[in-house]
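Numbering (our numbering), first residue to last: 1405 to 1534. Glycine is no exception: its CB is placed at the ideal position from the N, C-alpha and C atoms. Take a look at the structure set out below.
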């Protein structure tokens, strides 16, 4: 397997540009494939790229790269330690959904309280207050 990372000088970032693989299937038949026009796992040169979620990358027809708990840093590794990680967008926990659910629940509570207050104001014909 050959993996080529490329440095983009104008932005001081790295990314996976070329992925080639050669191997054998379970039946023993040889195969090879690759893609030379990828743009995956981009991060700044002074950091690593990290993605904990499962990802599937279509390299070519019939060849897919599956990753999970991925962390790469092709340049600038000191003492076998990764630098600060640039996390993938899939790992970002969005706060939007909890905010929407909270607003909907608050709206329902307000509607119930208003309906209750309106219902108490109406006097029922034929009944007298004690």
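- [ ] Assuming residue 1472 contacts residue 1458 (C-beta within less than 8 Å), just tell me the rounded distance between them.
- [x] The count along the chain shown starts at 1 and reaches residue 1472 at position 68. The count along the chain shown starts at 1 and reaches residue 1458 at position 54. Right, their Cβ atoms sit about 4 Å apart.
Open item on the list: Using a Cβ distance threshold of 8 Å, determine whether the segment 1501-1514 contacts the segment 1443-1462, with at least three qualifying pairs required.
Closed with: With the rule of 3 Cβ pairs closer than 8 Å, the segment 1501-1514 does not count as touching the segment 1443-1462.
- [ ] Would you mind stating whether residue 1434 and residue 1425 have Cβ atoms separated by less than 8 Å?
- [x] For the purposes of this step, residue 1434 is taken as residue 30 along the chain shown, with counting starting at 1. For the purposes of this step, residue 1425 is taken as residue 21 along the chain shown, with counting starting at 1. The answer is no: Cβ separation not under 8 Å.
- [ ] Look at the alpha carbon of residue 1369 and the alpha carbon of residue 1452, and state the distance between them as a whole number of angstroms.
- [x] In the structure displayed, the chain extends from 1405 to 1534; residue 1369 sits before or after that span and is not available.
- [ ] Report the residue from 1456, 1418, 1415 whose alpha carbon sits nearest the alpha carbon of residue 1493.
- [x] The residue you call residue 1493 lines up with position 89 of the chain shown. With distances taken between Cα atoms, residue 1493 lies closest to 1456.
Open item on the list: Could you check whether residue 1447 and residue 1417 sit closer than 8 Å to each other, using their CB atoms as the reference points?
Closed with: To locate residue 1417, count along the chain shown from 1; it is residue 13. To locate residue 1447, count along the chain shown from 1; it is residue 43. Yes. Within cutoff.
Open item on the list: Under 8 Å, Cβ to Cβ, is there at least one residue of chain C near residue 1485?
Closed with: The structure shown has no chain C; it contains just one protein chain.
TODO: Could you pull out every residue in the same chain whose Cβ sits closer than 7 Å to the Cβ of residue 1445, ignoring the five residues on either side in sequence?
DONE: Stepping through the chain shown from its first residue, residue 1445 is reached at position 41. Closer than 7 Å at the Cβ level, and outside the excluded window around residue 1445, lie 1419, 1420, 1453, 1476.
Open item on the list: Between which two residues does the alpha helix (DSSP H) holding residue 1512 run?
Closed with: Within the chain shown, residue 1512 is the residue found at index 108, counting from 1. Here the alpha helix (DSSP H) through residue 1512 covers 1500-1525.
- [ ] Report all residues from its chain with a CB closer than 7 Å to the CB of residue 1450; omit the five preceding and five following residues, and keep chain order.
- [x] Working through the chain shown from its first residue, we reach residue 1450 at position 46. Excluding positions up to five away in sequence, the list reads 1480, 1487.
TODO: Report the option in 1523, 1525, 1423, 1514 whose CA atom is closest to the CA atom of residue 1469.
DONE: Numbered from its first residue, the chain shown carries residue 1469 at position 65. Ranking 1523, 1525, 1423, 1514 by Cα distance to residue 1469 puts 1423 first.
- [ ] Give, in chain order, every unbroken run of the beta strand (DSSP E) that is at least 3 residues long and sits entirely within the segment 1413-1499.
- [x] 1417-1428, 1434-1439, 1444-1448, 1452-1455, 1459-1464, 1467-1471, 1474-1476, 1489-1491
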